[in-house]
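For reference, the structure discussed in these notes is given below.
In our numbering, the protein residues as written are 171 to 330.
Now the structure itself:
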């Protein structure tokens, strides 16, 4: 299955995007700059329950003036959706209901982001508990940066 079948990108206004790497225990978060060029990790929050999680994310969206959300969709290596993808889609529905005003929520294939995050952390000698704490937020950053790079309009520069 093609990655683009899962990306439900919708036009968003210029401004910050929030990247979310949803997990059953921790949810990694990253935010873009207003020009939607650079993604930066902003931490992870504990997933106590969906209601509390939606409230916390809605508050972050308000505080940081976010104009759209990019939610990581965990696909299997063959590009198919497994049980965790179902959980992400369920969370997306809950988040859509909990946002006022509503914002566009795009799904992004994130099957490689966790592996890339683990590799970066290992290369930086981050292990054990610290690694588990950092992997979700770094995964969110990698996933959001990939989304930004793929959706950046091509701009031709004039050379003099």
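In this text, a Cβ means the ideal position worked out from N, Cα and C, and glycines have one as well.
Paired residues, beta bridge with residue i - DSSP
i, result
"residue 251", "245"
"residue 197", "215"
"residue 202", "209"
"residue 238", "187"
Residue i versus residue j - alpha carbon distance
i, j, result
"residue 114", "residue 233", "Here the chain comprises residues numbered 171 to 330, so residue 114 is not present and cannot be evaluated."
"residue 173", "residue 229", "With a pLDDT of only 39 at residue 173, under 50, the local geometry of the prediction cannot be trusted, and no value is derived from it."
"residue 280", "residue 253", "15 Å"
"residue 183", "residue 246", "31 Å"
"residue 259", "residue 227", "16 Å"
"residue 203", "residue 248", "32 Å"
"residue 315", "residue 255", "20 Å"
"residue 318", "residue 304", "21 Å"
"residue 206", "residue 241", "15 Å"
"residue 276", "residue 188", "10 Å"
"residue 257", "residue 278", "14 Å"
Boundaries (first-last residue) of the alpha helix (DSSP H) holding residue i
i, result
"residue 322", "Taken as a continuous stretch (DSSP letters only), residue 322 belongs to no alpha helix (DSSP H), as it is neither H nor E."
"residue 227", "220–233"
Other residues of its chain near residue i: CB distance less than 8 Å, five sequence neighbours each side excluded
i, result
"residue 307", "191, 198, 199, 200, 211, 212, 213, 214"
"residue 231", "188, 239, 269, 273"
Limits of the beta strand (DSSP E) - the one that residue i falls within
i, result
"residue 277", "275–279"
"residue 189", "186–191"
Cβ-based neighbour list, residue i, same chain, cut-off 6 Å, excluding 5 preceding and 5 following
i, result
"residue 224", "264, 265, 268"
"residue 311", "200, 209, 211"
"residue 222", "none"
Residue of the options minimising C-alpha distance to residue i
i, options, result
"residue 313", "274, 221, 262, 244", "244"
"residue 271", "255, 251, 236", "236"
"residue 309", "196, 274, 185", "196"
"residue 261", "185, 238, 219, 188", "219"
"residue 186", "257, 273, 278", "273"
Neighbourhood of residue i by C-beta, 7 Å cutoff - its chain only, sequence neighbours within 5 removed
i, result
"residue 193", "217, 306"
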